[in-house]
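Notes follow once the structure below has been shown.
4 protein chains.
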Amino acid sequence: MNVGFIGLGIMGSRMAARLQQAGHRLTVHNRTRGRAEALLKAGAAWAATPAEAARGAECVLTMLSEPSVVRAAAEGERGLLAGLGKGALWMDCSTVNPSFAREMGAACAACGGRYLDAPVTGSKGPAEKGELGFFVGGAEADLAAVRPLLDAMGNAVNPVGPVGMGAAMKMVVNLLLGAGAVAFVEALVLGESLGLERGKLLDSLLGGRMTPGFLSPKKSSLASRSYDVNFPLQWLHKDLQLVSDTAYETGVSLPCAHAAKEVFALARRAGLGEQDYIAVYEALARAGRG
Amino acid sequence: MNVGFIGLGIMGSRMAARLQQAGHRLTVHNRTRGRAEALLKAGAAWAATPAEAARGAECVLTMLSEPSVVRAAAEGERGLLAGLGKGALWMDCSTVNPSFAREMGAACAACGGRYLDAPVTGSKGPAEKGELGFFVGGAEADLAAVRPLLDAMGNAVNPVGPVGMGAAMKMVVNLLLGAGAVAFVEALVLGESLGLERGKLLDSLLGGRMTPGFLSPKKSSLASRSYDVNFPLQWLHKDLQLVSDTAYETGVSLPCAHAAKEVFALARRAGLGEQDYIAVYEALARAGRG
Amino acid sequence: MNVGFIGLGIMGSRMAARLQQAGHRLTVHNRTRGRAEALLKAGAAWAATPAEAARGAECVLTMLSEPSVVRAAAEGERGLLAGLGKGALWMDCSTVNPSFAREMGAACAACGGRYLDAPVTGSKGPAEKGELGFFVGGAEADLAAVRPLLDAMGNAVNPVGPVGMGAAMKMVVNLLLGAGAVAFVEALVLGESLGLERGKLLDSLLGGRMTPGFLSPKKSSLASRSYDVNFPLQWLHKDLQLVSDTAYETGVSLPCAHAAKEVFALARRAGLGEQDYIAVYEALARAGRG
Amino acid sequence: MNVGFIGLGIMGSRMAARLQQAGHRLTVHNRTRGRAEALLKAGAAWAATPAEAARGAECVLTMLSEPSVVRAAAEGERGLLAGLGKGALWMDCSTVNPSFAREMGAACAACGGRYLDAPVTGSKGPAEKGELGFFVGGAEADLAAVRPLLDAMGNAVNPVGPVGMGAAMKMVVNLLLGAGAVAFVEALVLGESLGLERGKLLDSLLGGRMTPGFLSPKKSSLASRSYDVNFPLQWLHKDLQLVSDTAYETGVSLPCAHAAKEVFALARRAGLGEQDYIAVYEALARAGRG
């Protein structure tokens, strides 16, 4: 397929490489061209604007940091919607809030395009190996059309419903990620304050029925207090802010998720934003040395 | 062994029955005698006071609702410490805070007794089948002495360190239980507010890597919104209050755990205290009908 | 002055009337024309679009519910920026977040206009009597130009700094409003749970040094549990969401403000959104009847 | 009157001095004798135990740090209840939780004594000048009996109801103190993050209708970030823990108060426990330098 790919960060560059390896023809765009070099060498074309990346593409794929960045890439003369052909498909893999996804879906339809919100689960490693998961919102036929792309990048495609529902599911999952991480580091901090050793706590709790599986790979980071970045803390903080905005819109009360969000805010304030999200441990553990 | 058993509630009655079935000789005490009938018929002796239950016992086991109730059973003329023989062992299986456990340990030692804090993991079902877990704080030799009892009641004995460390580990685990439950019901409530069906959310989230295993058995309760009691909500609320008191004592900050605790308070206020703890879902889901 | 006035809700209609009474010539616009009738009868001109309201105006004043509504009134062919004359002034009195105010300020400047963010303190009563307060962000000369308008509507004009700082100060004040209200109703709920009478608590706490002055007028509402609307609960909830978004942007952690926000969310969910904000009391007091 | 006075800390020593100056005959006890020197020189008698301090006293007054310390001073052979004469009065001015006050009241009655819970409002300065406030729980006749003592120490005596209600009112007030302080420092931190100067924020907010009066004297501390101790942070943290325990007992949900409590926990962890409570500002302001 002819694919326009916009956004070549940690995740996007790896996802684009998977598509390229699977034989799809890529036209790529990124705010800074440097990140595109490897893909260009391997045969991708460069697009100076999102609109150019969209021109002639059967599918434009975006993997950007947040709604305002997606909006900037979509709208205006240089935006992807200006370049998108009639009947072409825009699949946004960024993590965005559901109402924003629906807004983009409507804008895309108004331009004669088709739209899917297909946020990703999994981080750097799975992106490299093509083992991402996707929650997909949109029409079945549209999903079928991009299936080859999804299969090249991931191994778990979950159709969730109409446009916006992929984003909805992503909010749910990232709430669990953020609140689950903070609950766990609170348990660690409490245990250590009582004289239990962190190593023993990690051994007895991770992998067991008291903790979610996504925490298991964090054992060595927490043991050593050095945090290899898989999913930067500031991104999860951002996602929790999207959860907050979404909860406001739908009118639900999420006390725990907000308490967790504010611990992430403390962690960012302590300079931990670019470390892995599980470094949120430091925000509560380190306080004594402030 | 000659065992004094004090506290025949949902858990205690089942644990005592397991001991009896394993051939231990029981002298039992409970605030109301009615709950002891089955055990008495099966050969247990009745003790009118905790002190009587302790007299002649190699091990006195307590399974009570909270520290103040344990204290009442331990202290004073009619308390178990008054009846405990030199060198006899008191094993408190109640959920108490670590500083209280250490206080009881010291009081027991002052009376010439030995003490273990051995709080339980698992609820009604595992109690009946002898599949409980125990976190045990205290001397190794003391643990060895009661090993046959623990093996009759459970299948996972975890020695954690000196007196108080069993209770410490229990605080850690129940923090994860309470905060994990609230984080999950918040995820459900958010998802439903976005149009995702509760049944589908339960199917896709429970048993997966985003949720801890202890939530998996709650699927049918949450699907049907009728809550078979395994672990009453008000007990977990109480445990979270013990977590709060413990965090105060050791000087750590637990924002998420406290937010969760206050959701449990809302749930109790809504009349859900005697239902299963996962009915905390109703506190956030139900609000619209208030 | 020739004034374009956009947004004739509870506050806007009263503010516009004050301007009219002071002799300014109004061209008014509102989503629904009905709310303009009194002003039209008294001589105001009707504008079918925000652009029309802006055409020929020395100052366009907006008093709208939230940033997205302001944006809709500002941008596009029918938006006020399209009608604004060179050198004319747009004063936004809506409560918006500071980054949004700066964005609008830049958009206005790009159209050759001048911009002030001048959010309001005070509610229905003060609006009617011309006793509002204004926090004004923007150039001194621009503030001087609209001074007659501000003096007609209010009695306390606080210049705070460059564009965006009016909105900044408003965020600070509404955080105090929201968190202060919840802290107070928690104190009431706690006191009542201990057997203190609500009436006596109100008498001894309101007007004293333990409570902020803005709560004093709420005594009769809280005593009677019937809530005359001065400032609707859902608006303050919205403002707290703007506070949350702003704190995310500037990277600060606000645990109490977020806890308060989630109590407002509970209150909205309980159907209290259109009552006065102090009805947030019901969210915590009423729970037992859920 | 013959007065036994137990507890000569920052507050107690000043309160005892006021009584002495008013001509009452004091027998004093403190954990460490050093703090009693000034009073002894001025004619007070020394008591080696609480029981001794109570012997012969018409009124025993306690001003201690927390319930467990009060209990230790009250119970046992050396405790004040052992020394209290028939019909003598124990007035506990410590900040304790209401259920504890009722327990002490009952214990006192069982010893033939009379009991008042009379917690104090005001800190070091007012204590020195005899300008404290008292919330008094207990029988009217008992209050009348100690009226001369209260008038020597303070200028605002508020009878609140039966035993326990003084403590109840104190919980209400200290919830407002703790949550109000945190709400205000959050407002400061937010404002500063937006570019508003702290000095200007303090000038415009303190003393106005958005903030409670108790914050006004904190202006210079917050301006200079050096915190003269009037009321140590760790004491208010302790009081918020008593609020938490009380809310648990009465079954109410206090999300904001708990969020505030956890910010105090962060502040203590950052080593601020012995500074004035308004140093809680540092817990949220300082984080970036951790």
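Chains as they are written, first to last, in this note's numbering: chain A, 202 to 491; chain B, 202 to 491; chain C, 202 to 491; chain D, 202 to 491. Cβ atoms here follow ideal geometry from the backbone N, Cα and C, with glycine treated the same way. All of these numbers come straight from a predicted model, not from anything done at the bench.
Just to confirm my understanding: we take residue i, look at its own chain, exclude 5 residues before and 5 after, and list those with CB closer than 6 Å. What are they?
| i | result |
| --- | --- |
| G213 (chain A) | M264 |
| A223 (chain B) | A353 |
| A255 (chain B) | G205, V261, L281, G284, L285 |
If you run the structure through DSSP and keep just helix, strand and coil, what is residue i?
| i | result |
| --- | --- |
| L407 (chain C) | coil |
| V204 (chain D) | strand |
| G339 (chain B) | coil |
| R315 (chain D) | strand |
| T322 (chain A) | strand |
| V464 (chain C) | helix |
| R215 (chain B) | helix |
| T447 (chain C) | helix |
| A237 (chain C) | helix |
| C260 (chain A) | strand |
| G491 (chain C) | Bear in mind that a pLDDT of 36 at G491 (chain C), under 50, signals an unreliable position, so the number given afterwards is only what the model happens to contain. Reduced to three states, the DSSP call for G491 (chain C) is coil. |
| L395 (chain D) | coil |
| N359 (chain C) | strand |
| L333 (chain A) | strand |
| H230 (chain C) | strand |
| L290 (chain A) | strand |
Among residues of its own chain, excluding the 5 on either side of residue i, which ones have a beta-carbon nearer than 8 Å to its beta-carbon?
| i | result |
| --- | --- |
| A471 (chain A) | E483, A484, R487 |
| L290 (chain B) | E259, C260, V261, G314, R315, Y316, L317, D343, A346, V347 |
| G489 (chain B) | Any reading at G489 (chain B) must be qualified, since the residue scores a pLDDT of 45, below 50, and its modelled position is unreliable; the value itself is stated next. Correct list: empty, nothing qualifies. |
Starting from the beta carbon of residue i, find every residue of chain A whose beta carbon is closer than 7 Å, and list them in chain order.
| i | result |
| --- | --- |
| C312 (chain B) | Ordered by position in chain A, no residue passes the 7 Å Cβ test against C312 (chain B), which lies about 25 Å from the chain. |
| F415 (chain B) | R410, M411 |
Report the CB separation of residue i from residue j in whole angstroms; it is logged as a contact under 8 Å.
| i | j | result |
| --- | --- | --- |
| T322 (chain C) | L443 (chain C) | Contact doesn't hold; Cβ gap of about 15 Å is too wide. |
| M305 (chain D) | C260 (chain D) | 15 Å between Cβ atoms; not a contact. |
| R148 (chain D) | E332 (chain D) | Because chain D spans 202 through 491 in this model, residue 148 (chain D) falls outside it and cannot be assessed. |
| A461 (chain C) | A480 (chain C) | The Cβ separation is near 14 Å, so there is no contact. |
| A384 (chain B) | G381 (chain A) | 6 Å |
| A388 (chain A) | L377 (chain B) | 5 Å |
Just the chain C side, please: which residues come within less than 8 Å of residue i by C-beta, in chain order?
| i | result |
| --- | --- |
| P456 (chain B) | P456 |
| R470 (chain A) | G452, V453, S454 |
Quick one: which chain A residues come within Cβ less than 8 Å of residue i?
| i | result |
| --- | --- |
| A466 (chain C) | A448, Y449, G452, V453, S454, L455 |
| A460 (chain C) | P456, H459, A460 |
Rounded to a whole number of angstroms, what is the C-alpha to C-alpha distance between residue i and residue j?
| i | j | result |
| --- | --- | --- |
| F206 (chain A) | V271 (chain A) | 13 Å |
| A258 (chain C) | K325 (chain C) | 26 Å |
| G284 (chain D) | E253 (chain D) | 6 Å |
| M366 (chain A) | S266 (chain C) | 28 Å |
| L437 (chain D) | P268 (chain D) | 14 Å |
| E278 (chain A) | T451 (chain B) | 59 Å |
| T412 (chain C) | V386 (chain D) | 16 Å |
| C294 (chain B) | A319 (chain B) | 5 Å |
| G208 (chain C) | D477 (chain C) | 21 Å |
| G491 (chain A) | L473 (chain D) | Unreliable positioning characterises G491 (chain A) in this predicted model, as indicated by a pLDDT of 35, which lies under 50. The coordinate reading is nonetheless provided below. Approximately 10 Å between the Cα atoms of the pair. |
| E463 (chain B) | P456 (chain D) | 6 Å |
| V440 (chain D) | G355 (chain C) | Rather than Val, the amino acid found at residue 440 (chain D) in this sequence is Asp. Computed Cα separation, rounded: 42 Å. |
Output, in chain order, the set of chain C residues within a Cβ distance shorter than 9 Å of residue i.
| i | result |
| --- | --- |
| M372 (chain D) | A388, L391, G392, L395 |
| F301 (chain D) | None at all; the shortest Cβ gap to chain C is about 13 Å. |
| L402 (chain D) | M370, V373 |
Return no unless some Cβ of chain E is closer than 8 Å to the Cβ of residue i.
| i | result |
| --- | --- |
| M216 (chain B) | In the structure shown, chain E cannot be found, because the protein chains are A, B, C and D. |
Who are the neighbours of residue i on chain D, taking C-beta pairs under 8 Å?
| i | result |
| --- | --- |
| E463 (chain B) | S454, L455, P456, H459 |
| L377 (chain C) | A384, F385, A388, L406, M411, T412 |
In chain D, what lies closer than 9 Å to residue i by C-beta?
| i | result |
| --- | --- |
| F335 (chain C) | Going along chain D, no residue has its Cβ under 9 Å from F335 (chain C), so there is no contact; the nearest lies around 13 Å. |
Report the neighbours of residue i on chain B: residues whose CB is nearer than 9 Å to its CB, in chain order.
| i | result |
| --- | --- |
| L485 (chain A) | V453, S454, L455, P456 |
Excluding the five sequence neighbours on either side, which residues of its own chain have a C-beta within less than 7 Å of the C-beta of residue i, listed in chain order?
| i | result |
| --- | --- |
| S417 (chain C) | L407, G408 |
Residue i touches chain B at which residues, Cβ-Cβ below 8 Å?
| i | result |
| --- | --- |
| Q476 (chain D) | Within chain B, no residue comes near Q476 (chain D); the closest Cβ sits about 15 Å away, beyond 8 Å. |
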